[in-house]
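Down below is the structure, laid out as structure tokens.
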Amino acid sequence: MKASLEIKDLSVSIGERPILKDFSLTINKGEIHALMGPNGTGKSTLAKALAGHPDYTVTGGQALMDGQDLLALSPEQRARWGLFMAFQYPLEIEGVSIANFIRAALQARLKEGEDFSAGDYYKELYAKMDALKMDRAFTARALNVGFSGGEKKRCEVLQMMMLKPAYALLDETDSGLDIDALRIVAEGVNALRGPDFGALVITHYQRLLDYIVPDFVHVMADGRIVKSGGKELALELEKHGYEGIAQA
Amino acid sequence: MQTPDDSALNLDREKGNFSYDVDYAYDAGVGLSEKTIDYISEVKKEAQWIRKFRHDALKIFNEKPLPLNWAPKDIQNVEFDKIRYYLSQGQMPSRDWEDVPDKIKETFERLGVPEQERKFLAGVEAQFDSESAYSRMKEELAKQGVIFMGSTEALREHPEIFRPWFGKVIPVDDNKFSALNSAVFSGGSFIYVPKGVKVKQPLQAYFRINAESFGQFERTLIIADEGAEVTYMEGCTAPRFETSTLHSAVVELVALKGAKIQYITVQNWSNNVFNLVTKRGWAEEDAQVRWIDCNIGSRLTMKYPAVVLNGKRARGEVTSIALANTGQVQDTGAKMIHLADETTSNVVSKSISVGTGRATYRGLTHMKPGLKGCKSNVVCDALLINTNSRTDTYPAINITGDKHFVQHEASVSKVNAEQIFYMRQRGIGEKEALSLSVNGFINELARQFPMEYSVELKRLIEMEMEGSVG
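Structure below.
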């Protein structure tokens, strides 16, 4: 079995409009990839299509997670198998507390006859909240309701840390964060880093990559990757802009 | 984005969906006439004044038209001449579960009633078709002078307490169904709580329909004397029959000076039940009447709990949750009648429409001219699950006078497909995501229910969500 998220010639449309065009990328476990590029090139589309959003139609290609066909699964099955997506705009869920929501997500992963210890759960939840410098009072608050942009993003990272995915797609997790929040969120991602975790970090800015140092950087234009390189590519981008890269 | 599919629902109401063949010793037969009433009166060996009350009511029932100018059209389909109006095994309410006839006892055991009694209740009454089969209250309450019994017994044994208020909060001619109930009423609970007595644990009644084509017409009257407090809860179920069943109760609450009455209903009727109920409370000075009303199931429910605020600083509250599933109409609401200064009313109503279900809020806030310092707050929120679900709001606010504070808010929201996707991305299945958002919608209200009931409510709502996604 291949321990990787392997995207091969993936084409995705929204309605009749093709967005991703023969997109290919392999993320091995243990690697962090950054995906950069201007607005409207298909970065978020890639994340949503992989997560199984029903508005995104796959018109060609494949996505294999550890060798298994990801696209044949429902969104919840993909999640239970270990795929996590941190949303660019996390949704507000009225009346459902953070603690109950994460617990429901964990319980959905239990096999028949498996048990769940509430004591251990809260211990872990509090420890992770402390690491993200989130007030414990947050556990009782309705998920994302009335949260600031930064609080929502921390809450996404908290969910990721609790669900321990094999592969994470972070869709502009840095947008709307000040430097302190950015650092804390990055520490959360770095805490998961290791041989059993692969991630795709989607971002506009080099800034985030100072804190989450990627193994690879890819630049996207018009639905596909136009340039790949090491972390120095992000710095180059910062200097010359996307225009220069796309033409190079 | 695609919304959850609008397919018909296959409801799991299995817990209540069973019935037993019972030999009824007393059966008033099919249809309604003077004879039906005489039969009921004779079986019950009633006083002459009650028999007359019934006959007068029957006349009013026959004269009054159905409220077709505003009521849901399905009300025309109640077949009054095909209903059985009185069925009993001739049982006297027993004080011990062991003495309850076998099939009736088994019914209530399957519904978990004896278990609930042991766990958290101060008293229980269990009605099977027309008559109560079991009635028991903790001894210390009896010692304090609390009365808790069926309508037949109570009118026979304590007419001096109950007769003055019987049919006073809800006059016989209030509406066609209050007249019908007054003609053929049987069962229900009569409660009297003496001055200053505070009943800590709830008293509960369980209403069970067992027979097909049957009408259940219980009558409840609760009197809390000055400074007394009581909480009463009712649960209702019926098996799923092909033919329609009628449940038409009259519930009158009387809270004297400084008294508090809380009345909680969690009903889970099967889809063949017409549920046409009149509920009204009367609140004297500094008294509080609160209705917590949860309507799940039935074919058509029409119910508008009311509070008449007759004394200074009296307070009335209605907290209601209605869930209308495919094929169901929940036409519910609240009426607050302010007749004294500085009275307060508060209505919070949440409705959920699933599939082709239709939930309607119909409310009335009335303040008598010349009053001052009254407050009224009405909030009704509706949640639509599918694209073909429907909700309507008909508030009527009828206020003159000054220095009042009146507020009405209504909102309609749809389950957001992006929210469902968000939850699914976390591994939560589509159905569960839907029930999480529905439970989230009613969470604030459900929290006000006693714990046992909010757990039950959550479970019922999860079952209703079964099959609402495609």
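Going down the list, the sequences are from chains L and Z. Just so you know, we're using my numbering here: the first sequence kicks off at 21 and counts up by one. Just so you know, we're using my numbering here: the second sequence kicks off at -11 and counts up by one. Glycine included, every Cβ here is placed at the ideal spot set by N, Cα and C. None of these values were measured; they are calculated from a predicted model.
Asked                                                                                                                   : Found
Gln204(Z), DSSP secondary structure in three states                                                                     : strand
Pairwise C-alpha distance: Asn427(Z) and Glu252(L)                                                                      : 49 Å
Residues that Pro383(Z) bridges to, as DSSP identifies them                                                             : Gly351(Z)
Listed by chain order, chain L residues near Ser425(Z) by CB distance under 9 Å                                         : Ile113, Glu114, Gly115, Val116
Positions along the region 169 to 187 of chain L whose CB lies within less than 8 Å of some CB in chain Z               : Gln179, Leu183
Any 3 or more C-beta pairs closer than 8 Å across the region 432 to 441 of chain Z and the region 394 to 412 of chain Z : no
For Cys368(Z): DSSP bridge partner residues                                                                             : Ser337(Z), Ala398(Z)
Neighbour-count burial assignment, Asn120(L), 16 or more Cβ in a 10 Å radius                                            : buried
Proximal residues of chain Z, C-beta to C-beta of Ala125(L) below 7 Å                                                   : Arg414, Gly415, Ile416
Whole-angstrom distance between Asn65(Z) and Glu217(Z), CA atom to CA atom                                              : 40 Å
Chain-ordered chain Z contacts of Phe107(L) [CB-CB under 7 Å]                                                           : Tyr410
Option in Gln276(Z), Asp87(Z), Gly176(Z) with minimal Cα separation from Asn298(Z)                                      : Gln276(Z)
Interface residues of the region 63 to 96 of chain L facing chain Z [CB-CB below 8 Å]                                   : Ala71, Gly72, His73, Pro74, Asp75, Ser94, Pro95, Glu96
Assigned exposure category for Trp279(Z) - 16 Cβ within 10 Å defines buried                                             : buried
Below-7 Å beta-carbon distance, Glu471(Z) vs any chain L residue                                                        : In the structure displayed, chain Z extends from -11 to 458; residue 471(Z) sits before or after that span and is not available.
Chain L within 7 Å of Asn431(Z), Cβ atoms only                                                                          : yes
The region 32 to 52 of chain Z / the region 131 to 145 of chain Z touching (three or more Cβ pairs under 8 Å)           : yes
Opening and closing residue of the beta strand (DSSP E) in which Ala310(Z) lies                                         : 303 to 312
Buried or exposed (CB count within 10 angstroms, at least 16 for buried), Gln115(Z)                                     : buried
Test: Asp29(L) CB closer than 7 Å to a CB of chain Z                                                                    : no
Beta-carbon proximity check, Val265(Z) vs Pro60(Z), cutoff 7 Å                                                          : no
Ordered list of alpha helix (DSSP H) runs contained in the region -10 to 75 of chain Z, each at least 4 residues        : 22 to 32, 36 to 51
Segment limits, alpha helix (DSSP H) that includes Leu178(L)                                                            : 169 to 183
Beta-carbon spacing of Thr332(Z), Lys360(Z) below 7 Å                                                                   : no
Contacts of Arg129(L) in chain Z (Cβ-Cβ under 9 Å)                                                                      : Gly415
Gly269(Z) - containing beta strand (DSSP E), residue span                                                               : 261 to 271
C-beta contact flag for Gly102(L) and Pro185(L) at 7 Å                                                                  : yes
C-beta atoms of Gly62(L) and Ile27(L) nearer than 7 Å                                                                   : no
Contact belief for Gly175(Z) with Ser120(Z) at Cβ below 8 Å, rounded distance in angstroms                              : 6 Å
Contacting positions in the region 32 to 48 of chain L - beta carbon closer than 8 Å to chain Z                         : none
C-beta contact flag for Asp191(L) and Ser31(L) at 7 Å                                                                   : no
Collapsed DSSP secondary structure at Met149(L) in the structure displayed                                              : helix
Inter-residue spacing [alpha-carbon to alpha-carbon] between Glu256(L) and Ala421(Z)                                    : 44 Å
Test: Arg100(L) CB closer than 7 Å to a CB of chain Z                                                                   : yes
Thr388(Z) classed as buried or exposed, judged by whether at least 16 other C-beta atoms fall within 10 angstroms       : exposed
DSSP state of Val238(Z) mapped onto helix, strand, coil                                                                 : strand
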